[in-house]
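Protein chains: 2
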Amino acid sequence: MSSDQLPSWRETPAKGSILDYIAAATDSGSADFVEESERVAVFDNDGTLWTEQPMYAQLAFALDRAAELGHPTSLEKLHAGGMTALTDLVKLTHAGITTDEFDAVCRRWLASARHPRFARPYPAMVYQPMLELLGLLGRSGFSCWIFSGGGTDFMRTWAAEVYGIPAHRVIGSVGETEFRLGAGGPELVKDAAVQVINDGPQKPSSIHRHVGQRPILAAGNTDGDLAMLQWTAASPHRSLQLVVRHTDGEREYAYDRDPILGSGTGQILAAATEAGWTMIDMAADWSTVYPPIR
Amino acid sequence: MSSDQLPSWRETPAKGSILDYIAAATDSGSADFVEESERVAVFDNDGTLWTEQPMYAQLAFALDRAAELGHPTSLEKLHAGGMTALTDLVKLTHAGITTDEFDAVCRRWLASARHPRFARPYPAMVYQPMLELLGLLGRSGFSCWIFSGGGTDFMRTWAAEVYGIPAHRVIGSVGETEFRLGAGGPELVKDAAVQVINDGPQKPSSIHRHVGQRPILAAGNTDGDLAMLQWTAASPHRSLQLVVRHTDGEREYAYDRDPILGSGTGQILAAATEAGWTMIDMAADWSTVYPPIR
């Protein structure tokens, strides 16, 4: 195909680096050719594939859900209450409910909730350039997976459809679930006990567990993604590491070195500089940030 | 295709039930048609897809590995030592080793070890009729997954190739792994702490976590598989449940109602009888048990 595969990417080195890598990995005549069965790509979600400001979408969901359940709280109260307050919120909004019921609750929220600044539905807060990258990778024989700190059950209610990735490739933090023979038949009940917080060094462990292969491409935006990018960089194949930098206060948010939530960026930017990983400067490299609203 | 898709199955009701179900689920004109994206099939491994007698292959591996490491033990000592002895054995043979090293150790063992009665390599102890079923399901648009009590890392060293299933669809019990920047680069070190024992009611939870969809076909052979079959039977689609019965003392082992290891069969046989699930009588239904050795 001669048409532009990444139309929302400006003609900058970031785009060149991505296209060059994909061309090499998929050209059977290239020294960097990788068999299709080994073309595994892993992506962080919050801040890498969609906007994580002014708060994680899942936190906005939890606050709305708590109010709906008659126990309203706020970001301020959460900050003041620390881990206990957060655990209580998770228990209230994510536990004691079957997986089927939780799925329905999430879908209902997603249909009505709007981002406070951009007034878009949250699934429309994904980055158009990254959608194009996921599409190009899929057409190039890559299996794209998401490894996020967000909750698996929450993400799967929208990510599979929006990103065009099957549910089993959307992996996040998970709580215990209990199998029960309920009145309406067998059901899985979500428990408040957290089994895996899928961040930092846990990401390579989760990749090993869920994929069972080492990726050749990884994208992230905070220090919580560093281990995942390091793990991918140690592949025996030529690999590609992408670091999304939030530099665009007008079209998105500018918090490149001063994250107001989530983990910092000091370590990943230092590692990226040292190793020559591909930095994506949102303001400079993307001509469009969000997709048209359907 | 008019040729026999299941040549190692005799023309009995079990075969008829399987072929009838697959035909209905894949015929877009049928009331029982299921979209390809929802054709998820889950299989237990030990005793369902390969022989689990006179002991689990992974236990034979652990005993051989312990001897190789200078700490020989025996089944008798394990029985006498109870859970402590078993935990010690797992720690000795499955922990304190990187995932790459463990993979190599398993492959070495598989290349040389032989089943004590049939003198076959362990990967040749799989059931030929079940290989044919996996193949037929794959050609019929099903995604086949394994949910076993065995260790994920152990199984993936051979199961993916032997069953023709990608590594990410081979799920078992898992221990913690620790991400470490070693002398040779990033590595994952296997820990003795067990994270998930993938048996009984844990199987539906693991299916939810790894697949994110409810299966329409499940096969097992002990009470440890009952929850998985119940979960599948509650699918909104027409579903199929298969129970493998070990009735063939000559060609395999006869322990249908008296398992000498693993969990019992009383509950699953009662449930299968009540619900009319498809029973597979190895002696009666299979014309061949093991594949030719390549």
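Chains as they are written, first to last, in my numbering: chain E, 1 to 294; chain P, 1001 to 1294.
Even glycine gets a Cβ: it sits at the ideal position worked out from N, Cα and C.
Got a sec? Which residues, its chain only, sit under 7 Å from residue i by beta carbon, not counting five neighbours each side?
i          : result
Thr99(E)   : Asp153, Thr177, Leu188, Lys190
Met1(E)    : Below a pLDDT of 50, predicted positions are generally treated as unreliable, and Met1(E), at 47, falls in that range; the measurement from the model is reported next regardless. There are no such residues.
Pro1123(P) : Leu1110, Trp1158, Val1162
Thr1026(P) : Ser1140, Gly1141
Pro1204(P) : Ala1227, Met1228, Trp1231
Ala24(E)   : Ser30, Asp32, Arg238
Leu1075(P) : Met1055
Chain A beta carbons: is any one of them nearer than 8 Å to that of residue i?
i         : result
Gly172(E) : Structure shown: chain A not included; protein chains present are E and P.
Leaving out five residues before and five after residue i in sequence, what residues of the same chain have Cβ atoms less than 6 Å from its Cβ?
i          : result
Arg1238(P) : Asp1032
Ala219(E)  : Phe43, Thr48, Leu242
His210(E)  : Ile171
Gly1264(P) : Asp1223
Give me the residue from the options with the minimum Cα distance to residue i.
i          : options                                        : result
Ala254(E)  : Leu226(E), Thr51(E), Ala113(E), Leu242(E)      : Thr51(E)
Ser1287(P) : Met1130(P), Glu1076(P), Arg1257(P)             : Met1130(P)
Val126(E)  : Phe102(E), Met155(E), Gly151(E)                : Met155(E)
Gly1151(P) : Thr1157(P), Leu1137(P), Gly1164(P), Gly1172(P) : Gly1172(P)
Val1162(P) : Val1174(P), Ser1140(P), Glu1132(P)             : Glu1132(P)
Gln1053(P) : Leu1269(P), Asp1103(P), Asp1258(P), Gly1266(P) : Asp1258(P)
Asp64(E)   : Ala80(E), Asp27(E), Ala113(E)                  : Ala113(E)
Cys106(E)  : Val170(E), Phe61(E), Ala160(E)                 : Phe61(E)
Ala272(E)  : Arg108(E), Ser3(E), Arg169(E), Val244(E)       : Val244(E)
Met1282(P) : Asp1256(P), Glu1274(P), Ile1293(P)             : Asp1256(P)
Arg251(E)  : Leu269(E), Tyr290(E), Ala270(E)                : Tyr290(E)
Ile1097(P) : Gly1175(P), Pro1007(P), Trp1009(P), Ile1197(P) : Gly1175(P)
Ser17(E)   : Pro72(E), Ile280(E), Asn221(E), Ala66(E)       : Ile280(E)
Gly1276(P) : Ala1014(P), Leu1006(P), Asp1046(P), Gln1005(P) : Ala1014(P)
Asp1046(P) : Asp1020(P), Glu1035(P), His1208(P), Leu1059(P) : Leu1059(P)
Ala95(E)   : Gln195(E), Gln5(E), Glu35(E)                   : Gln195(E)
Ala66(E)   : Gly82(E), Thr87(E), His246(E)                  : Thr87(E)
Arg1294(P) : His1246(P), Arg1169(P), Gln1128(P)             : Gln1128(P)
Taking DSSP as the reference, what is the three-state secondary structure of residue i?
i          : result
Val289(E)  : coil
Gly185(E)  : strand
Val1170(P) : strand
Arg1039(P) : coil
Arg1180(P) : strand
Gln241(E)  : strand
Thr1157(P) : coil
Ala1024(P) : helix
Thr1012(P) : coil
Thr93(E)   : helix
Ala119(E)  : coil
Asp1004(P) : coil
Leu1049(P) : coil
Asp1032(P) : coil
Ile197(E)  : coil
Val211(E)  : coil
Thr247(E)  : strand
Ala1192(P) : strand
Met282(E)  : helix
Leu75(E)   : helix
Leu1217(P) : strand
Trp277(E)  : coil
Ser263(E)  : coil
So residue i packs on residue j, CB below 8 Å; how close in whole Å?
i          : j          : result
Pro1201(P) : Phe147(E)  : Not a contact, Cβ separation roughly 26 Å.
Thr1012(P) : Ala1284(P) : 6 Å
Leu69(E)   : Leu92(E)   : 6 Å
Thr1278(P) : Leu1240(P) : 7 Å
Trp1231(P) : Pro186(E)  : 5 Å
Leu181(E)  : Ala41(E)   : Actually they do not touch by this definition, with Cβ atoms about 40 Å apart.
Arg39(E)   : Ser143(E)  : 7 Å
Leu1137(P) : Gly1164(P) : Wrong, their Cβ atoms sit about 10 Å apart, outside the cutoff.
Asn1198(P) : Gly1149(P) : 5 Å
Which same chain residues, not among the five before or five after residue i, have their C-beta less than 8 Å away from its C-beta?
i          : result
Ala234(E)  : Arg214
Gln267(E)  : Asp223, Leu226
Lys1077(P) : Ala1085
At a cut-off of 7 Å, is residue i close to the ligand COA when judged by its beta-carbon and the heavy atoms of the ligand?
i        : result
Glu35(E) : Among the ligands in the structure shown, none appear at all, so the ligand COA cannot be discussed.
Where the stretch 1209–1239 of chain P meets chain E: residues whose CB sits under 7 Å from a CB there:
Listed by position along the chain: Arg1209, His1210, Val1211, Gly1212, Gln1213, Ala1227, Gln1230, Trp1231, Ala1234.
Contact list for the stretch 1156–1184 of chain P against chain E, Cβ threshold 9 Å:
Legend: CB atoms of the stretch 1156–1184 of chain P lying less than 9 Å from CB atoms of chain E belong to residues Arg1156, Ala1160, Pro1166, Ala1167, His1168, Arg1169, Val1170, Ile1171, Val1174, Glu1176, Thr1177, Glu1178, Phe1179, Arg1180, Leu1181, Gly1184.
Give the residues from the stretch 184–205 of chain E that approach chain P closer than 7 Å (Cβ to any Cβ), ordered along the chain.
Listed by position along the chain: Gly185, Pro186, Leu188, Pro201, Pro204, Ser205.
Under 9 Å (Cβ pairs) to chain E, residues found in the stretch 1018–1033 of chain P:
Taking 9 Å as the Cβ-Cβ cut-off against chain E, none of the residues of the stretch 1018–1033 of chain P qualify.
Near-chain P residues of the stretch 141–153 of chain E (beta-carbon distance less than 8 Å), N- to C-terminal order
For the stretch 141–153 of chain E, residues whose beta-carbon sits nearer than 8 Å to a beta-carbon of chain P comprise Thr152.
So if I threshold CB-CB distances at 8 Å, which residues from the stretch 1078–1109 of chain P count as touching chain E?
So the close ones are Thr1099.
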